[in-house]
Amino acid sequence: MKDIQSLIGYSFKSKELLDKALTHTSYSHIHGGENYQRLEFLGDSIVDFLVAEELCKAYPQVDEGKLTKMRGAVVSATPLAQVVKERGYDGHIKLGFGDLSDKIRSDVFEALCAAIYLDGGIQEARKFVVKDLADLIKAAEVNCKNDYKSMLYEAYAGHDIKFKDNGKKGEEHRPVFMVELYIDGQLAASGEGENKKSAQKECAREVLKKQSFLKLI
């Protein structure tokens, strides 16, 4: 508990809240106790609100339509999961079985935010969000413009590009869609998202990030 609190930068009065925020349903199913689902539900709204607040402060001239896209570039599963990886929070997640996906990582970020809010109030939750998401908020205007699928088709013009649905997983009320991207018949990337479109976007982003797959074909 001491290690994770040091990473988060907040000391909990209620260690039970912190433990709950780090516990996946697969772990509580096996070992009993509570999991992070209700905290994630609350944290989803808190993170949205706090990021929207910061964006409004940072970009006073931007209209609500663009601000919505910018917020999406900050609070979607992929960027939140990356923050959880970089901060080392995922090393403390209690998982009973299955793989530690980006969806789980992003859920834990939201659950941690809710736990901090319930334990220490909105100011402490704001500190946590601003600290961890500062770089994403700063880059939101650029990131929201990135149409990775269009960029992919442009980069691989003349090649056969196909997205293949690979099913879904997770809770019934919040499924995670899985998609594979094939270029000229070869598997180039796999992606996950809250819908098929976002999973395809993640595939495209992964290939463009690597910038090496073209050498293989």
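Throughout the sequence shown, residue numbering follows our numbering, covering 1 to 217 in sequence. Positions of the beta carbon are idealized from the N, C-alpha and C atoms, including for glycine.
Taking the straight line between their C-alpha atoms, what separation do you get for residue i and residue j?
{"i": "Q5", "j": "D119", "result": "13 angstroms"}
{"i": "Q186", "j": "E180", "result": "10 angstroms"}
{"i": "I122", "j": "A155", "result": "44 angstroms"}
{"i": "T68", "j": "R174", "result": "21 angstroms"}
{"i": "K2", "j": "V47", "result": "24 angstroms"}
{"i": "C203", "j": "A157", "result": "17 angstroms"}
{"i": "A139", "j": "E124", "result": "23 angstroms"}
{"i": "K66", "j": "A134", "result": "18 angstroms"}
{"i": "G193", "j": "K149", "result": "14 angstroms"}
{"i": "G205", "j": "S101", "result": "Correcting the residue identity first, residue 205 is Arg in this sequence and not Gly. Roughly 17 angstroms between the two C-alpha positions."}
{"i": "F177", "j": "A189", "result": "14 angstroms"}
{"i": "H92", "j": "Y182", "result": "34 angstroms"}
{"i": "E64", "j": "D132", "result": "23 angstroms"}
{"i": "F163", "j": "V207", "result": "13 angstroms"}
{"i": "F12", "j": "A115", "result": "9 angstroms"}
{"i": "E57", "j": "R126", "result": "The amino acid occupying residue 57 in the given sequence is Lys; Glu does not appear at that position. Approximately 13 angstroms between the Cα atoms of the pair."}
{"i": "D90", "j": "G98", "result": "14 angstroms"}
{"i": "F49", "j": "P60", "result": "16 angstroms"}
{"i": "K145", "j": "V62", "result": "14 angstroms"}
{"i": "K209", "j": "Y153", "result": "14 angstroms"}
Please name the residue or residues paired with residue i in a DSSP beta bridge.
{"i": "F177", "result": "K168 and G193"}
{"i": "F163", "result": "L181"}
{"i": "Q186", "result": "I183"}
{"i": "K94", "result": "T23"}
Would a check of beta-carbon distances place residue i closer than 7 angstroms to chain D?
{"i": "G191", "result": "Chain labels in this structure do not include chain D; a single protein chain is all it has."}
Measure from the alpha carbon of residue i to the alpha carbon of each residue in the options, then state which is nearest.
{"i": "V108", "options": "A21, R205 and F12", "result": "A21"}
{"i": "I137", "options": "D165, D44, E34 and R71", "result": "R71"}
{"i": "E86", "options": "I8, E194, G191 and D165", "result": "I8"}
{"i": "E172", "options": "H159, I183 and N195", "result": "N195"}
{"i": "D44", "options": "Y10, S26, I93 and L112", "result": "L112"}
{"i": "T78", "options": "D99, K210 and K201", "result": "K201"}
{"i": "D165", "options": "V142, C144, S198 and V62", "result": "S198"}
{"i": "I161", "options": "G170, G167 and M151", "result": "M151"}
{"i": "V51", "options": "V75, G32 and Y117", "result": "V75"}
{"i": "A73", "options": "G33, G191 and V142", "result": "V142"}
So, under 8 angstroms CB-CB, residue i and residue j are touching, yes? Tell me the CB distance rounded to an integer number of Å.
{"i": "E54", "j": "V130", "result": "6 angstroms"}
{"i": "H29", "j": "G96", "result": "6 angstroms"}
{"i": "Y10", "j": "F128", "result": "6 angstroms"}
{"i": "G170", "j": "K103", "result": "6 angstroms"}
{"i": "T23", "j": "K94", "result": "5 angstroms"}
Closer than 6 angstroms: is that where the CB of residue i sits relative to any heavy atom of the ligand HEM?
{"i": "L17", "result": "Within the structure as shown, the ligand HEM is missing, as the structure has no ligands at all."}
Q. For the 8 angstroms Cβ check, are there 3 or more pairs between the segment 73-85 and the segment 17-33?
A. no
Q) Is there contact between the segment 88-107 and the segment 25-41, where contact requires at least three CB pairs shorter than 8 angstroms? A) yes
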